[in-house]
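Peer 1: Per our numbering, the sequence shown starts with residue 87, numbered consecutively. Even glycine gets a Cβ: it sits at the ideal position worked out from N, Cα and C. Sharing a structure below in structure tokens format, with a few things to ask.
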Amino acid sequence: MNLKNTNILVVDDERDAALFIAKALKRRGASVETAFSGTEALGKLEQNQPDICFIDMRMPDMDGLELLKRLKGRYPSTEVVVFTAYASIDTAVEAMRRGAFDYISKPVEPDELFSCLEKIQTIQKLNRENRLLSQQLNEQRGYMKIVGEHPSIREAKQITRTVAPTNSTVLILGESGTGKELAAYALHYQSLRKDRPFVKVSCGVLSDELLGSELFGHEKGAFTGAIQRHRGRFELADGGTLFLDEIGDASPAIQKKLLRVIDKQEFERVGGTQTIRCDVRLIFVTNKDLEEEVRKGTFREDLYFRLKVVPIKLPPLREKSSDIPLLVNHFIEKYSRETNKKVTGISDEALDLLCSYSWPGNVRELENTIERAIVMIKGQIIDIPDLPDDIVLDLNLQVVNQQFSLVKAKENFEKRYIENALRKDRGNVSKVAQRIGLARKNLYQKLVKYGIELEQYKKQEI
Ligand SMILES: Nc1ncnc2c1ncn2[C@@H]1O[C@H](COP(=O)(O)OP(=O)(O)OP(=O)(O)O)[C@@H](O)[C@H]1O
Ligand SMILES: [Mg+2]
């Protein structure tokens, strides 16, 4: 075993024994101090906190138990192993009770010493990894907070805080990318169920049969391919929260089963007869207008009434643009940490642009924009050239902000117009020229003027 970078203190009033052990440890690369009395050991501890400390239990000036108590009081993470005389098992037990890692009976055999050290190293490594993981988890949870002060977001946060500790079913509504999943996480982590599972199912991507078995599980032989019993997400989420995304896409059969779970907290696995009870907090999410779906007859009205008891509405970003600066700073901090770059802020001009853009992809689009800028950036401040063309050349923005001259704005428009046409006709110049009413020759001139490469549009054909 290798003891490099390990600080060890050996405390024993029998000098020869202490020096013998120190020598064996040094041979394996440890840096070792020795102390020949309890008092001397306390002095050494002042100078240097050891990772591991060996203490003889019987010493004239201060007994080992007393030294152990003082050491653990000051340095709880230092592991202590005690040396005991062959017959004094009681002392060993008492030492373990006071926090010693292990005991070794005297005379000390090097093999026993090393196997004990190996155990300590394994545990210290696990502890370090554990600390790192929980630190990462806390950081992640910090980034999972809902950022924003717009009245609609304040209200959403308020409702989240109020209903989190209850078992009420919650319906979260909003366009794509508005933070529906984030709000669902917030609900879970503020609830009493936070240490239990948070389980996610999307009702939009699976076929009806698969979704049924995904949610409720199935018995062996329930359908072709059901070779063994399978527990569904409801069972996995027991005691925790189940997050049902895109509920507007669930079929009538699934809707009926969900209604029963909400009312009675019970269901059967697909192909099964045994009724299973569950304790699950349900969060439903949709970007569809469920009221409209009810009118059309595609969504059960009775289910809709149960879902909408506590609705949380998340507005599109364009309706809460006053939150953009806060969100931008939040994402700058997040991604500069993640990429290890020292990006400290954004220029006023670039922030103005972001605040006036319409954000069809909502907060997700804003987050991706900042992430991309930080990945590409050379300097420390995000500026207009670091933002995607789509945003910089947004037509509405140019009309509203007038950040370009009329000539430049017209040119920007013309370039975007032609690029779009090429995209549609996959780089076929004759077709484009005809469709937009321009002579081929003129179109070619414009391609050169704007530096538009035809190849990239042609490639799309493959
Ligand atoms: N108010 C907010 N504060 C901080 N981050 C946010 C906020 N709103 C959204 N985000 C971030 O934007 C991204 C998209 O959010 P989320 O996945 O929750 O959207 P969604 O509404 O579930 O979208 P979709 O309907 O497409 O599934 C996530 O990374 C989320 O953390
Ligand atoms: Mg989502």
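Taking the alpha helix (DSSP H) that Pro-411 falls in, what are its first and last residues?
Peer 2: Taken as a continuous stretch (DSSP letters only), the alpha helix (DSSP H) holding Pro-411 covers 410 to 425.
Peer 1: Which one or two residues does DSSP pair with Ser-191 in a beta bridge?
Peer 2: Note: Ser-191 sits in a beta bridge opposite Thr-170.
Peer 1: How big is the Cα-Cα spacing for Gln-244 and Lys-286?
Peer 2: Cα-Cα distance, rounded: 23 Å.
Peer 1: Looking at the structure shown, is Pro-474 part of a helix, part of a strand, or coil, going by DSSP?
Peer 2: If DSSP states are grouped into helix, strand and coil, Pro-474 belongs with coil.
Peer 1: How many angstroms separate the CA atom of Leu-153 from the CA atom of Ser-174?
Peer 2: Leu-153 and Ser-174: Cα-Cα distance of roughly 17 Å.
Peer 1: Do you know how far the Cα of Asp-469 is from the Cα of His-416?
Peer 2: Answer to the nearest angstrom: the Cα atoms are 17 Å apart.
Peer 1: Under the rule that 16 or more other beta-carbon atoms within 10 Å means buried, what is Arg-346, buried or exposed?
Peer 2: The residue in question, Arg-346, is exposed, as its Cβ has fewer than 16 Cβ neighbours within 10 Å.
Peer 1: Can you give me the C-alpha to C-alpha distance between Asn-593 and Gly-265, rounded to a whole angstrom?
Peer 2: Past the boundaries of the shown model lies residue 593; the chain is included only from 87 to 548, so the question cannot be answered.
Peer 1: Just confirm the distance between the C-beta atoms of Phe-385 and Phe-353, as a whole number of angstroms; I'd bet it's less than 8 Å.
Peer 2: At roughly 20 Å, the Cβ-Cβ gap does not stay under 8 Å, so Phe-385 and Phe-353 are not in contact.
Peer 1: Could you have a look at Ala-186 and say whether DSSP puts it in helix, strand or coil?
Peer 2: If DSSP states are grouped into helix, strand and coil, Ala-186 belongs with coil.
Peer 1: Roughly how many angstroms separate the alpha carbons of Glu-424 and Thr-327, rounded to a whole number?
Peer 2: Their Cα atoms are separated by approximately 29 Å.
Peer 1: With C-beta atoms as the reference, is Ile-398 less than 8 Å away from Val-414?
Peer 2: No, the Cβ-Cβ distance between Ile-398 and Val-414 is not below 8 Å.
Peer 1: Any idea what DSSP makes of Glu-547, helix, strand or coil?
Peer 2: Note that Glu-547 scores a pLDDT of 41, beneath 50, so its modelled location is shaky; the value from the coordinates is reported in the next line. Helix at Glu-547.
Peer 1: With three or more beta-carbon pairs closer than 8 Å as the criterion, would you say the segment 233 to 249 touches the segment 369 to 379?
Peer 2: No: fewer than three Cβ pairs fall under 8 Å.
Peer 1: Quick check on this structure: which residue in Val-291, Arg-144, Glu-198 and Leu-199 has the alpha carbon closest to the alpha carbon of Thr-177?
Peer 2: Comparing Cα-Cα distances from Thr-177 to each of Val-291, Arg-144, Glu-198 and Leu-199, the minimum goes to Arg-144.
Peer 1: Quick one: Cα of Asp-472 to Cα of Asp-335, how far?
Peer 2: For Asp-472 and Asp-335, the distance between alpha carbons rounds to 38 Å.
Peer 1: Could you please give me the residues that DSSP links to Gly-465 through a beta bridge?
Peer 2: Answer by DSSP bridge pairing: none, since Gly-465 is not bridged.
Peer 1: For ligand 2, enumerate in chain order all residues having a CB closer than 6 Å to any of its heavy atoms.
Peer 2: Per the Cβ criterion, the list is Lys-266, Glu-267 and Asp-331.
Peer 1: For Ile-94, count neighbouring Cβ atoms within 10 angstroms of its own Cβ and tell me buried if that reaches 16, exposed if not.
Peer 2: It counts as buried.
Peer 1: If you reduce the DSSP assignment to three classes, tell me which class Leu-257 lands in.
Peer 2: In the structure shown, Leu-257 sits in a strand (DSSP, three-state: E or B).
Peer 1: Ile-190: beta carbon under 7 Å from a heavy atom of ligand 1?
Peer 2: Checking every heavy atom of ligand 1 against the Cβ of Ile-190, none is found closer than 7 Å.
Peer 1: If you reduce the DSSP assignment to three classes, tell me which class Asp-331 lands in.
Peer 2: The answer is strand: DSSP assigns Asp-331 an E or B state.
Peer 1: Taking only the alpha-carbon atoms, compute the straight-line gap between Leu-439 and Lys-494 and give it to the nearest angstrom.
Peer 2: For Leu-439 and Lys-494, the distance between alpha carbons rounds to 17 Å.
Peer 1: Let's test the definition: count the other Cβ atoms within 10 Å of the Cβ of Val-168 and tell me whether it reaches 16, buried, or not, exposed.
Peer 2: Val-168 is buried by the Cβ-count criterion.
Peer 1: Is it right to say Lys-406 is buried, meaning 16 or more other beta carbons lie within 10 angstroms of its own, or is it exposed?
Peer 2: Lys-406 comes out buried.
Peer 1: Identify whether Lys-286 lies in helix, strand or coil by the three-state DSSP scheme.
Peer 2: DSSP places Lys-286 in strand when its eight states are reduced to three.
Peer 1: In its own chain, which residues sit with a C-beta less than 7 Å from the C-beta of Ser-516, not counting the 5 before and 5 after it?
Peer 2: So the list reads Arg-526, once near-sequence residues are dropped.
Peer 1: Check the C-beta distance from Gln-466 over to Lys-428 and give it rounded, since I have them as a contact under 8 Å.
Peer 2: 6 Å between Cβ atoms; contact.
Peer 1: Determine the contact status of Val-371 and Asp-331, defining contact as a CB-CB distance below 8 Å.
Peer 2: Yes. Within cutoff.
Peer 1: Let me check understanding here. Comparing Cα to Cα, which of Gly-115, Gly-260 and Val-449 lies closest to Phe-200?
Peer 2: Minimum Cα distance to Phe-200 is reached at Gly-115.
Peer 1: Would you say the beta carbon of Thr-125 is closer than 7 Å to some non-hydrogen atom of ligand 1?
Peer 2: Incorrect: Thr-125 has no Cβ contact closer than 7 Å to ligand 1.
Peer 1: What are the partner residues of Ala-121, as DSSP defines its beta bridges?
Peer 2: Answer by DSSP bridge pairing, in chain order: Val-97.
Peer 1: Which of the three DSSP states, helix, strand or coil, is assigned to Pro-401?
Peer 2: It is coil, neither helix nor strand.
Peer 1: Do you know how far the Cα of Ile-258 is from the Cα of Lys-280?
Peer 2: Answer to the nearest angstrom: the Cα atoms are 19 Å apart.
Peer 1: Can you check whether the CB of Ser-299 is closer than 8 Å to the CB of Gly-325?
Peer 2: Contact flag unset, no.
Peer 1: Looking at the structure shown, is Ala-181 part of a helix, part of a strand, or coil, going by DSSP?
Peer 2: The answer is helix: DSSP assigns Ala-181 an H, G or I state.
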